[in-house]
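Enquirer: Read in order, the letters of the sequence shown are residues 3 to 435 in this note's numbering.
Heads up, the beta-carbon is just placed ideally off N, CA and C, and yes, glycines get one too.
Every value quoted in this text rests on a predicted model; they were computed, and no experiment measured them.
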Amino acid sequence: MRMVDLIEKKRDGYALTKEEIQFIIQGYTNGAIPDYQMSAFAMAVFFQGMNDEETAEFTMAMVHSGETIDLSKIDGIKVDKHSTGGVGDTTTLVLGPLVASVGVPVAKMSGRGLGHTGGTIDKLESVPGFHVEISNEEFIELVNKNKLAVVGQSGNLTPADKKLYALRDVTATVNSIPLIASSIMSKKIAAGADAIVLDVKTGAGAFMKELDDAKALAKAMVEIGNRVGRQTMAIISDMSQPLGYAIGNALEVKEAIDTLKGEGPKDLQELCLVLGSHMVYLAKKASSLEEARHMLERAIEDGSALEAFKRFLAAQGGDASVVDDPSKLPQANYVIELEAKEDGYVAEIVADEIGTAAMLLGAGRATKESTIDLAVGLVLRKKVGDAVKKGESLVTIYSNREQIDDVKQKLYENIRLSSERVQAPTLIYDKIS
Ligand code: URA
Ligand code: CA
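Here it is, written out as structure tokens:
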């Protein structure tokens with residue numbers, strides 16, 4: 003087999019066989035196929051696409067390009083959740099303890115990553131003492147005991163994806179549904195999930211800004227999962243404005259605690275109940291989505307979800323008393339209100355720009371080397387559709403610098419008020435199974 007022939011075949015719109023796809027991924031991973039040929043191939047896929055079978059084979063070839071995690075020593079069906087990313091998305095912090103409290107094992111491998119705030123691990127590290135440096139054996143033991151543990155990414159998972167994603171980034175080939183779908187799914191499958199719940203976001207703060215693109219991506223990922231024997235379902239949810247109120251690391255931990263008590267923002271709570279019901283259902287702990295939802299609602303009401311969070315934090319060295327006393331979380335030196343300049347209705351809170359404002363405060367990393375400030379961030383006091391009076395607070399800004407004119411300006415520019423009544427956006431657009 004020669005790579006040049008396979009590039010030509012894809013360029014001319016033909017489907018590749020399983021063997022051809024394996025040849026490409028193996029060759030690219032071990033260096034036999036150079037970047038310039040892989041770039042041409044990625045561009046051919048960008049224009050010609052891949053059918054469902056090719057996409058599934060491409061995914062599995064990437065899964066097998068490196069190590070895979072074996073979670074077979076954990077009892078029960080391991081369900082993972084993946085979000086395509088957004089602003090102030092606190093769902094993972096809530097969902098872990100919430101579904102664990104009804105007996106679903108959550109073996110979470112998580113990252114720090116770049117973005118408006120830190121990743122799940124950064125957020126959790128705002129709990130004093132909490133750490134993710136645990137051995138594989140300890141990780142599995144903790145999941146069996148508490149149904150929940152979080153470990154940092156380690157090992158050589160999906161090296162083909164790592165290399166290809168970096169290449170796509172500089173060859174204008176990121177935006178291809180089969181390439182995105184296989185990239186995301188290969189990582190989830192390599193991390194050992196038996197079943198996968200996807201939260202595909204759409205809107206200004208999302209990777210897929212348009213609803214139709216988000217749906218197409220969700221369908222492609224669900225198709226891959228189901229073809230390779232990992233039951234997969236997807237939700238398409240709104241990310242035109244940030245999710246919940248809090249955007250920032252310790253602030254989101256506080257928001258997760260509130261939500262586990264049933265006192266969190268309504269949109270965050272609803273999305274967690276919907277995603278969580280799918281997780282419980284796929285884990286076969288309930289025979290219908292309705293039953294699953296009732297179980298989760300009960301776990302919030304009777305305090306077992308909150309207890310699961312405390313147990314999890316303590317098991318990984320964290321000070322679980324933050325749950326009852328969140329003032330023990332890192333606190334910012336300055337708390338500043340952003341006051342509305344006029345009466346009206348909130349018409350728009352541009353998610354990605356608000357995320358950038360949080361990053362200006364130091365809540366996220368601009369580059370891999372940046373350090374993040376766990377205490378800082380934003381708490382929205384109004385969401386789209388809310389009425390507001392001149393002088394009322396739109397946002398509470400938690401800062402460790404006194405001068406924040408840049409942040410205030412960014413916020414004013416991206417929170418648009420209207421004199422007319424505005425409808426709150428739909429939270430969940432679609433479900434795909
Ligand atoms: N996220 C991924 O992990 N891969 C892609 O290709 C795009 C987004
Ligand atoms: Ca939030």
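Going by DSSP, which residues form a beta bridge with residue 203?
Expert: Reading the sequence shown from its first residue, position 201 is the one you call residue 203. Beta-bridge pairing links residue 203 to 239.
Enquirer: Need the endpoints of the alpha helix (DSSP H) that residue 280 sits in, please.
Expert: For the purposes of this step, residue 280 is taken as the residue at position 278 of the sequence shown. Start and end: 268-284.
Enquirer: Please determine if the stretch 422-433 and the stretch 396-407 are in contact, where contact requires at least 3 C-beta pairs separated by less than 8 Å.
Expert: Contact fails: fewer than three Cβ-Cβ distances are below 8 Å.
Enquirer: Decide if the stretch 153-172 is in contact with the stretch 127-142; the criterion is three or more beta carbon pairs, one per stretch, under 8 Å apart.
Expert: Short answer: they touch.
Enquirer: Pick out whichever of 369, 206, 332 and 225 has its Cα sitting closest to the Cα of residue 350.
Expert: One-based indexing of the sequence shown puts residue 350 at position 348. The residue with the shortest Cα to Cα distance from residue 350 is 206.
Enquirer: Opposite residue 365 in the DSSP bridges: which residues?
Expert: By one-based count along the sequence shown, residue 365 stands at place 363. For residue 365, which the question treats as bridged, DSSP gives no partner whatsoever.
Enquirer: Check whether the stretch 100-119 touches the stretch 33-44, counting contact only when three or more Cβ pairs, one atom from each stretch, lie closer than 8 Å.
Expert: With the cut-off at 8 Å, the stretch 100-119 and the stretch 33-44 do not touch.
Enquirer: Could you check if residue 372 is buried or exposed, using at least 16 other CB atoms within 10 Å of its CB as the buried criterion?
Expert: By one-based count along the sequence shown, residue 372 stands at place 370. That one is exposed.
Enquirer: Does the pairing of the stretch 77-91 with the stretch 43-62 give three or more beta-carbon distances under 8 Å?
Expert: At 8 Å Cβ cutoff, the stretches do not touch.
Enquirer: Whose C-beta lies closer than 7 Å to the C-beta of residue 253 among residues of the same chain, with five residues either side of it excluded?
Expert: On the sequence shown, residue 253 is found 251 positions in, with the first residue counted as 1. Cβ within range, chain order: 379, 381 and 400.
Enquirer: Here's a check: name, in chain order, each residue in its chain whose Cβ is nearer than 7 Å to the Cβ of residue 18, leaving out the five neighbours to either side.
Expert: Numbered from 1 along the sequence shown, position 16 holds the residue referred to as residue 18. Counting only Cβ-Cβ distances below 7 Å, and skipping sequence neighbours, we find 8, 11, 12 and 56.
Enquirer: Within 10 angstroms of the Cβ of residue 67, are there 16 or more other Cβ atoms? Answer buried if so, exposed if not.
Expert: Counting from 1 along the sequence shown, the entry for residue 67 is found at position 65. Residue 67 should be labelled buried.
Enquirer: Count the other C-beta atoms from every protein chain shown that fall within 10 angstroms of the C-beta of residue 369, then say buried if there are 16 or more, exposed otherwise.
Expert: Taking the first residue of the sequence shown as 1, we reach residue 369 at position 367. Residue 369 comes out exposed.
Enquirer: Return yes when the Cβ of residue 102 is within less than 7 Å of the Cβ of residue 294, no when it is not.
Expert: Here the question's residue 294 lines up with position 292 in the sequence shown. Here the question's residue 102 lines up with position 100 in the sequence shown. Not closer than 7 Å, so no.
Enquirer: Say yes only if the C-beta of residue 198 is nearer than 6 Å to one or more non-hydrogen atoms of ligand 1, and no if none qualify.
Expert: As a working note, residue 198 is residue 196 in the sequence shown. No, ligand 1 has no heavy atom inside 6 Å of this Cβ.
Enquirer: What would DSSP say about residue 330, mapped onto helix, strand or coil?
Expert: Position 328 of the sequence shown holds residue 330. Residue 330: helix per DSSP, three-state reduction.
Enquirer: Collect the residues with a C-beta less than 5 Å away from any heavy atom of ligand 4 and give them in sequence order along the chain.
Expert: Because ligand 4 does not appear in the structure shown, any question about it cannot be addressed here, the ligands present being ligand 1 and ligand 2.
Enquirer: By alpha-carbon positions, which one of 390, 366, 172 and 243 ends up nearest to residue 428?
Expert: Here residue 428 is taken as the residue at index 426 of the sequence shown, counted from 1. Comparing Cα positions, the closest option is 243.
Enquirer: Quick check: what's the CA-CA separation for residue 279 versus residue 404?
Expert: Within the sequence shown, residue 279 is the residue found at index 277, counting from 1. Within the sequence shown, residue 404 is the residue found at index 402, counting from 1. About 43 Å.
Enquirer: Suppose you measure from the CA of residue 113 to the CA of residue 92; what does that come to, to the nearest Å?
Expert: By 1-based counting over the sequence shown, the position of residue 113 is 111. By 1-based counting over the sequence shown, the position of residue 92 is 90. Near 14 Å, if we compare the C-alpha coordinates of residue 92 and residue 113.
Enquirer: Between the C-alpha atoms of residue 240 and residue 163, what's the straight-line distance to the nearest angstrom?
Expert: Translated into the one-based positions of the sequence shown, residue 240 becomes position 238. Translated into the one-based positions of the sequence shown, residue 163 becomes position 161. C-alpha separation (whole angstroms): 27 Å.
Enquirer: Out of 317, 325 and 188, which has the shortest C-alpha to C-alpha gap to residue 308?
Expert: Translated into the one-based positions of the sequence shown, residue 308 becomes position 306. Here the closest residue by C-alpha is 325.
Enquirer: Residue 305 to residue 318, Cα distance in whole Å?
Expert: Here the question's residue 305 lines up with position 303 in the sequence shown. Here the question's residue 318 lines up with position 316 in the sequence shown. Whole-angstrom Cα-Cα distance: 21 Å.
Enquirer: Excluding the 5 residues preceding and the 5 following residue 322 in the sequence, name in chain order all residues of the same chain whose CB lies nearer than 7 Å to its CB.
Expert: Within the sequence shown, numbered from 1, the residue matching residue 322 stands at position 320. Here the set comprises 312, 315 and 316.
Enquirer: If we ignore side chains and look at the alpha-carbon of each, how far apart do residue 393 and residue 383 end up?
Expert: Translated into positions along the sequence shown, residue 393 becomes position 391. Translated into positions along the sequence shown, residue 383 becomes position 381. So the alpha carbons of these two residues sit roughly 12 Å apart.
Enquirer: Tell me the DSSP bridge mates of residue 84?
Expert: Indexing the sequence shown from 1 puts residue 84 at position 82. Answer is 200, bridged to residue 84.
Enquirer: Is DSSP giving residue 400 helix, strand or coil here?
Expert: Indexing the sequence shown from 1 puts residue 400 at position 398. Three-state result, residue 400: strand.
Enquirer: Nearer than 6 Å: is that true of the beta carbon of residue 245 relative to any heavy atom of ligand 2?
Expert: In the sequence shown, counting from the first residue as 1, residue 245 sits at position 243. Yes; taking the cut-off as 6 Å, the Cβ of residue 245 has a heavy atom of ligand 2 nearer than that.
Enquirer: By Cβ distance, which residues of its chain are closer than 6 Å to residue 261, with the 5 residues on each side in sequence left out?
Expert: Locating residue 261 in the sequence shown gives position 259, counting from the first residue. The residues are 96, 270 and 271.
Enquirer: Can you tell me where the alpha helix (DSSP H) holding residue 124 begins and where it ends?
Expert: The residue given as residue 124 occupies position 122 in the sequence shown. From DSSP, the alpha helix (DSSP H) with residue 124 extends over 122-126.
Enquirer: Looking at the strands, I want to know which residues DSSP matches up with residue 347.
Expert: Working through the sequence shown from its first residue, we reach residue 347 at position 345. Looking at the DSSP assignment, residue 347 forms a beta bridge with 389 and 420.
Enquirer: Tell me whether the beta-carbon of residue 76 lies closer than 7 Å to the beta-carbon of residue 145.
Expert: Translated into positions along the sequence shown, residue 76 becomes position 74. Translated into positions along the sequence shown, residue 145 becomes position 143. Cβ atoms of residue 76 and residue 145: closer than 7 Å.
Enquirer: If contacts are defined as beta-carbon pairs under 8 Å, then residue 195 and residue 434 qualify, I think. What distance do you get, rounded to the angstrom?
Expert: Counting from 1 along the sequence shown, the entry for residue 195 is found at position 193. Counting from 1 along the sequence shown, the entry for residue 434 is found at position 432. Actually they do not touch by this definition, with Cβ atoms about 17 Å apart.
Enquirer: With distance defined between alpha-carbon atoms, name the residue in 376, 69 and 348 nearest to residue 250.
Expert: Taking the first residue of the sequence shown as 1, we reach residue 250 at position 248. Minimum Cα distance to residue 250 is reached at 376.
Enquirer: In chain order, which alpha helix (DSSP H) runs of at least 4 residues are fully inside the stretch 110-184?
Expert: Complete alpha helix (DSSP H) runs here, min 4: 122-126, 138-148 and 161-171.
Enquirer: Would you check whether ligand 2 has a heavy atom nearer than 6 Å to the C-beta of residue 272?
Expert: Here residue 272 corresponds to residue number 270 of the sequence shown, with the count starting at 1. Because no heavy atom of ligand 2 lies under 6 Å away, the Cβ of residue 272 does not count as near it: no.
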